[in-house]
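First the structure, in the form of structure tokens, and then the observations on it.
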Amino acid sequence: MCTIFLWSHCLGILCLFSSLSYIPTVMASSAAFSTYALHGSKLASRTMWANTFNEHTYSCSILQLKQSICGKPSSLSVEIPFELQPNGRLVSKNRVICSAFEVENTPSVMVGNKFQLEDVIEAQQFDRETLNAIFEVAREMELVEKNTPGSQLLKGYLMATLFYEPSTRTRLSFESAMKRLGGEVLTTENAREFSSAAKGETLEDTIRTVEGYSDIIVMRHFESGAARRAATTASIPIINAGDGPGQHPTQALLDVYTIEREIGKLDGIKVGLVGDLAYGRTVRSLAHLLAKYHDVKIYFVSPDVVRMKNDIKDYLTSMGIEWEESADLMDVASKCDVIYQTRIQRERFGERIDLYEEARGKYIVNQDVFNVLQKHAVVMHPLPRLDEITVDVDKDPRAAYFRQAKNGLYIRMALLKLLLLGW
Amino acid sequence: MCTIFLWSHCLGILCLFSSLSYIPTVMASSAAFSTYALHGSKLASRTMWANTFNEHTYSCSILQLKQSICGKPSSLSVEIPFELQPNGRLVSKNRVICSAFEVENTPSVMVGNKFQLEDVIEAQQFDRETLNAIFEVAREMELVEKNTPGSQLLKGYLMATLFYEPSTRTRLSFESAMKRLGGEVLTTENAREFSSAAKGETLEDTIRTVEGYSDIIVMRHFESGAARRAATTASIPIINAGDGPGQHPTQALLDVYTIEREIGKLDGIKVGLVGDLAYGRTVRSLAHLLAKYHDVKIYFVSPDVVRMKNDIKDYLTSMGIEWEESADLMDVASKCDVIYQTRIQRERFGERIDLYEEARGKYIVNQDVFNVLQKHAVVMHPLPRLDEITVDVDKDPRAAYFRQAKNGLYIRMALLKLLLLGW
Amino acid sequence: MCTIFLWSHCLGILCLFSSLSYIPTVMASSAAFSTYALHGSKLASRTMWANTFNEHTYSCSILQLKQSICGKPSSLSVEIPFELQPNGRLVSKNRVICSAFEVENTPSVMVGNKFQLEDVIEAQQFDRETLNAIFEVAREMELVEKNTPGSQLLKGYLMATLFYEPSTRTRLSFESAMKRLGGEVLTTENAREFSSAAKGETLEDTIRTVEGYSDIIVMRHFESGAARRAATTASIPIINAGDGPGQHPTQALLDVYTIEREIGKLDGIKVGLVGDLAYGRTVRSLAHLLAKYHDVKIYFVSPDVVRMKNDIKDYLTSMGIEWEESADLMDVASKCDVIYQTRIQRERFGERIDLYEEARGKYIVNQDVFNVLQKHAVVMHPLPRLDEITVDVDKDPRAAYFRQAKNGLYIRMALLKLLLLGW
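Chains as they are written, first to last, in the numbering used here: chain R, 2 to 424; chain G, 2 to 424; chain P, 2 to 424.
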């Protein structure tokens, strides 16, 4: 069981209410209500209260909605306090109390036959159907042109980028996505140093303040799990733009989207993951998501010191995904549809610079690798790159990494659209 | 006596002029003129000159306006230089010289029966009537919905946030306010380090440059009095978003607005100010503003080392406001309409960490305090908080601090609207 | 010979294509094509490839355009890959391959009788006619009013400010310019520290990522030549907002524009360049641009240690521009139309603080200098200033430096308009 509160869109609802002076009309708005109510919910701890218990509340009415949510009967109660004004008019106080309604625990809430996105916290939250649906929206986003109605989808919406560690690339991508859809952005490039965090404020308090200023929060944090804590607190959607060694789900989505765009399919593909497989957040998430597709074969090509960890290998095996480790990049490159190269991160090697230098030079994607690559195959990289892909191959049409970066824009446009407007 | 210059909106005026080729029409526009002219004025040192004394000014006309400003006769002279173009057309040079006109010194300029806001520099500048009028506009701002005409009130206007010290919370609140009204924002998060200030430029020079790029400046500075210096220089409105140990007037306004919103009145209320009363900028400003209302009673509850200073006590006494100091938070909480808790600032204690720890733990607002609180009462806090309010009371409807933060948005929307568009 | 690729506006073109299912219509759009195609081109290394060589490309058509570019015959070939969808429809894959077409090397591409701007990299790229044409547009920009069609010229366009070293003044000026025309901005105030650059990413890779998120990039960098490298890589327009000791072309343009606005002409003027002439980027660029006009006379007034270098002197001589060095600021001031004062930069003197102090105090523009200045003359300064112009002369109408800063806004509006929309 989970408890759903509907605070997140109370502002939207209140706009409806604020001109009402009698209850029947409120009842009549229940249809609109249900749409709003399901947005940004699902977490039991999202309790928020309005101040309605004071002596100036002269009138209050309980509105009971019986609704079918995801095919389950559920109930919702809302108290709408009214105030008797000196002139005798009965006016809504613009505060509502939202009681909980109960539905059975489902992974997400369905609207029509689509899953309703509430937050984007980790790659694992998406099943195959949701991924496909998101990719469909991303495709539409590729076609959004300047000065068309599509480019104004999110007009009036405000996105806050709350970055506790810098990531210009990710931030610009999100901000571009929001602005390409007509939305506006509040930027915090260095929340850790600049914000109240430095004075000891908890993340939860920061979120409860920032949610008052914006409609959606894109957060990057240095601590694993921070995005989930934020989502638990927030009444508006949260997108995890990376939380330390934890998750970076929009990168994982754009990677899968790029494979689908470039290769044309996800079932039956062969993917070579190359480089830092031990610490590389992106390859771990990608392996996780690929496991949702059929007949996928994954090759791991990495220096010994940064081999893929057992948790992912075990998971793939449990999902029936074939994988093997290889030390022969040329062989793997000749077989795969996708070679996904990653950067060896120096900071993982501490003082063992010798190990780093050895690992770093071991698997370079260069013209030789491209020479054995199949005609339809592509090379991907999450960027930034150092020299693990040589620049002379950039002009080869199979070098997909800059198109991959661009796809991040479309995926983020799609997510913003889905989180703020629904399907 | 004060001298009023009308440079600030000359751009607006010039737009009127630029299509004119004969004087009578200019004369006819004097009505529009007076509206523009009063905006952003009042400070005698706001002298600005245009370059009109060069050899290419072939024609120039003096426009004399006799007007009644605030019921006082006054005069205004404007020189409009014209240029004879090679094709024989007489074209305005888009530069005007604005001479001063004299009116008697009034606290602000009245338009209709409302005071015209020019800058927001300190809490004391507002009298009771102005406060009420601002709160009325803030109430309207609470109802501004996405994609309605109200949400486009400030379309085309540019606000520059010039922050010489970081304050993400305040900055985001202002930027959200501007964008909620359709305006645009130029951000400087760290003006001290990044700007020409590092090269030794004076604040005045910076302001004269930035005012060329924007329509209003929101400034935070580390020096007391900086906002006033900026306003003296600027021809566009300045909002003080905190100047060091000095003023933070929009915080004071949102505090009073929150009391009025939560309690329903300001006359006759009992307010307990708790925590750091010696250095807390917010409680000092709040006490100052509360003195404008009738039958207010203020309780001071603080550790000995950070007691309220005599200047405020004397001021309250002089204004006929009852106040008393108390060491019994439970007793005060049971009597008050509002408990205003503040953070004890560690940096005030230097090396006396022992004193800090003692002061910090002394008055905590927790469930026990809420248990004695009246049903209609509320607890406020300027945020960020550490542990001076325990998180377990957050869900109590009388915990008003996050609503208080949100009210900052409405107050700032109201101020931006009033400074840029008037009443 | 130079090779032109047309990738930069392929997105615009693709929008045209994406709804096409047969070739003749594509041919018919060739006129539109030529307009788009010339934008942001000219550099041979701008090769970009799309991924079209995979097994999912079922159909492909070659479109040959024969066109007259700058009066020279040229050819252009575009491959438009089509995909046969399961439903039998033939749909463009939204990727095109752009082959090169050859034209003779011209300084810029002409559209009608105007030079097409592609990037703004250095002051020297502008000839007299282009300067005049830009100034004409800047004049129009001075008249752009809020909420008129002119203020929405760049609606839907995104400008990224990629600043590898901070320059708040320049950044705000560009961002204001973009927003005054209805465009949107992605800001990076400290790209050096925050971006992938810190991880070792090349400038080229950064540019290829950021160009995916924006329509134009304004870049400031600490290395001379960085802007040119960016322009060579980018498929969208680049504006150099200063690259280390190298160029700052928009400052040079606004300086010349200010002279033209203030004095009314550029031919036949006398200009005194004062202060740090050895290292001052602005005076060197200004001298360079003034050499394009007739009968100009330049006076150099500087402390011995920062005298104008021989390269500029030789260049002026070669262009037939009269110049002389003088140690008598009063004499020069009495003769000139423009006195251009600059700041002596302390950082140039290392440990020789004594030399700095001597140099710094030597030529101050104060009331005495203004007393000998002609009535029509003006004093300019690139700002920020320290005490090389005393503040008491600010109110003199001949003090043009703040108007000069404001002119930066109009010049940048003009450049953004020209680069994004053309003439």
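No residue lacks a Cβ here, since even glycine has one placed at the ideal position from N, Cα and C.
Select from the segment 215–226 of chain G all residues with a C-beta closer than 7 Å to any C-beta belonging to chain P, and list them in chain order.
-> When C-beta distances to chain P are compared with 7 Å, the residues of the segment 215–226 of chain G below that value are SER215, in chain order.
What is the residue span of the alpha helix (DSSP H) that R/TYR258 lies within?
-> R/TYR258 -> alpha helix (DSSP H) spans 250–264.
Under 7 Å between C-beta atoms of P/ILE412 and P/TYR258 = Yes, Cβ-Cβ distance for P/ILE412 and P/TYR258 is below 7 Å.
Please state if the CB of P/GLN342 and the CB of P/HIS382 are separated by a distance shorter than 7 Å.
-> Yes, Cβ-Cβ distance for P/HIS382 and P/GLN342 is below 7 Å.
Buried versus exposed call for R/MET331 [16 or more other C-beta atoms within 10 Å across all chains shown] = Exposed, by the Cβ-count rule.
Taking only beta-carbon positions, decide if R/LYS363 is within less than 7 Å of chain G.
-> Chain G, which has no Cβ nearer than 7 Å to the Cβ of R/LYS363, makes this no.
Give me the Cβ distance between R/LEU159 and R/ASP216, rounded to the nearest whole Å; I'm assuming they're in contact under 8 Å.
-> Rounded, the Cβ-Cβ distance is 5 Å, consistent with contact.
Examine chain P for any beta-carbon lying closer than 7 Å to the beta-carbon of R/GLU176, and answer yes or no.
-> Yes, its Cβ sits closer than 7 Å to a Cβ of chain P.
Just grab the DSSP bridge partners of P/ILE299 for me.
-> Answer is P/VAL272 and P/TRP324.
With 16 as the cutoff for other CB atoms within 10 Å, does G/LYS310 come out buried or exposed?
-> A residue is called buried once 16 or more other Cβ atoms fall within 10 Å of its Cβ, and G/LYS310, having fewer, is exposed.
Return the Cβ separation of G/ARG344 and G/GLY276 in integer angstroms, given the expectation that the two are a contact with Cβ distance under 8 Å.
-> The beta carbons of G/ARG344 and G/GLY276 sit about 7 Å from each other, so the pair counts as a contact at 8 Å.
Whole angstroms is fine: what's the gap from G/ILE237's alpha carbon to R/VAL272's?
-> Roughly 60 Å separates the two Cα atoms.
Take the Cβ of P/TYR59 as the centre, count every other Cβ of all protein chains shown within 10 Å, and call the residue buried at 16 or more, exposed below.
-> Summary for P/TYR59: the model assigns pLDDT 26, below 50, so the residue's position carries little reliability, and this model does not support an answer.
The beta strand (DSSP E) enclosing G/GLN342, as first and last residue numbers | Counting along the chain, the beta strand (DSSP E) containing G/GLN342 begins and ends at 339–342.
Cut-off 8 Å between Cβ atoms - residues of its own chain near R/ALA29, not counting five sequence neighbours on either side | For R/ALA29, the predicted structure reports a pLDDT of 26, less than 50, and the residue's modelled location is therefore unreliable. The matter cannot be settled from this model.
Backbone CA spacing between R/PHE403 and G/GLY423 [nearest angstrom] | Using only the alpha carbons, I get a separation of about 49 Å.
Classification of G/GLU119 by the beta-carbon crowding that lies within 10 angstroms, buried from 16 upward = When all chains shown are included, G/GLU119 counts as buried.
According to the Cβ coordinates, are P/THR188 and P/THR210 closer than 7 Å?
-> No, they are not a contact pair.
If the cut is a Cβ gap below 9 Å, which residues of chain G does P/PHE127 touch?
-> Against chain G, the beta carbon of P/PHE127 has no neighbour under 9 Å; the closest one sits roughly 24 Å away.
Spell out a yes or no on whether the segment 142–150 of chain G and the segment 162–177 of chain G are touching, meaning 3 or more CB-CB pairs, one atom from each, closer than 8 Å.
-> No, the segment 142–150 of chain G is not in contact with the segment 162–177 of chain G.
Could you check where the beta strand (DSSP E) with P/MET414 kicks off and where it finishes?
-> Segment 402–422 is the alpha helix (DSSP H) holding P/MET414; no beta strand (DSSP E) there.
Starting from P/THR188, follow the beta strand (DSSP E) in both directions and report where the run begins and ends.
-> Secondary structure note for P/THR188: its beta strand (DSSP E) is the uninterrupted segment 185–189.
Under the assumption that G/ALA242 contacts G/ARG221 (Cβ atoms under 8 Å), give the Cβ distance between them as a whole number of angstroms.
-> Separation of the CB atoms of G/ALA242 and G/ARG221 is rounded to 4 Å, and the pair is thereby assigned contact status at 8 Å.
Under 8 Å Cβ to Cβ from G/ALA401, same chain only, skipping five residues before and after it: list those, please.
-> Once the five neighbours on either side are set aside, the close Cβ partners of G/ALA401 are THR259, GLU263, VAL379, VAL380 and MET381.
Nearest to R/LEU388 by CA position, among P/THR203, P/ILE240 and P/LYS180, is which residue?
-> In the sequence as displayed, the identity of residue 388 of chain R is Asp instead of Leu. Looking at P/THR203, P/ILE240 and P/LYS180, the one whose alpha-carbon comes closest to that of R/ASP388 is P/THR203.
Who are the neighbours of P/ARG386 on chain G, taking C-beta pairs under 8 Å?
-> Near P/ARG386 (Cβ distances below 8 Å), the residues of chain G are GLU202 and ASP206.
In chain G, which residues lie less than 7 Å from R/LEU187 when you measure between Cβ atoms?
-> Per Cβ cutoff of 7 Å: LEU173, GLU176 and SER177.
Helix, strand or coil for P/HIS57 per DSSP?
-> In this predicted model, P/HIS57 has a pLDDT of only 29, less than 50, meaning its place in the structure is not dependable; the value taken from the coordinates is given anyway. In this structure, P/HIS57 counts as coil in the three-state DSSP scheme.
For R/THR169 and chain P, any beta-carbon pair shorter than 7 Å?
-> Output row for R/THR169: interface = yes.
Are G/ALA235 and G/VAL306 touching if we call contact CB-CB under 7 Å?
-> Not in contact: G/ALA235 and G/VAL306 (Cβ atoms no closer than 7 Å).
Going straight from the alpha carbon of P/PHE347 to that of P/TYR357, what length do you get?
-> Checking the sequence, you will find Arg at residue 347 of chain P rather than Phe. If you take the alpha carbons of P/ARG347 and P/TYR357, they lie about 6 Å apart.
Sort out for me which residues DSSP pairs P/ILE239 with in a bridge.
-> Looking at the DSSP assignment, P/ILE239 forms a beta bridge with P/ILE218.
From the DSSP output, in three-state form, read off G/THR149 for me.
-> Three-state result, G/THR149: coil.
Delimiting residues of the beta strand (DSSP E) encompassing P/PHE164 = Per DSSP, P/PHE164 is one residue of the beta strand (DSSP E) stretching across 159–164.
Find out if the Cβ-Cβ distance for the pair R/LEU420, R/MET179 is shorter than 7 Å.
-> No.
Between the C-alpha atoms of P/PRO25 and R/ALA124, what's the straight-line distance to the nearest angstrom?
-> Confidence is the limiting factor: at P/PRO25 the pLDDT is only 27, short of 50, which leaves the residue's position unreliable, though a coordinate-based value still follows. A straight-line Cα-Cα distance of about 45 Å links P/PRO25 and R/ALA124.
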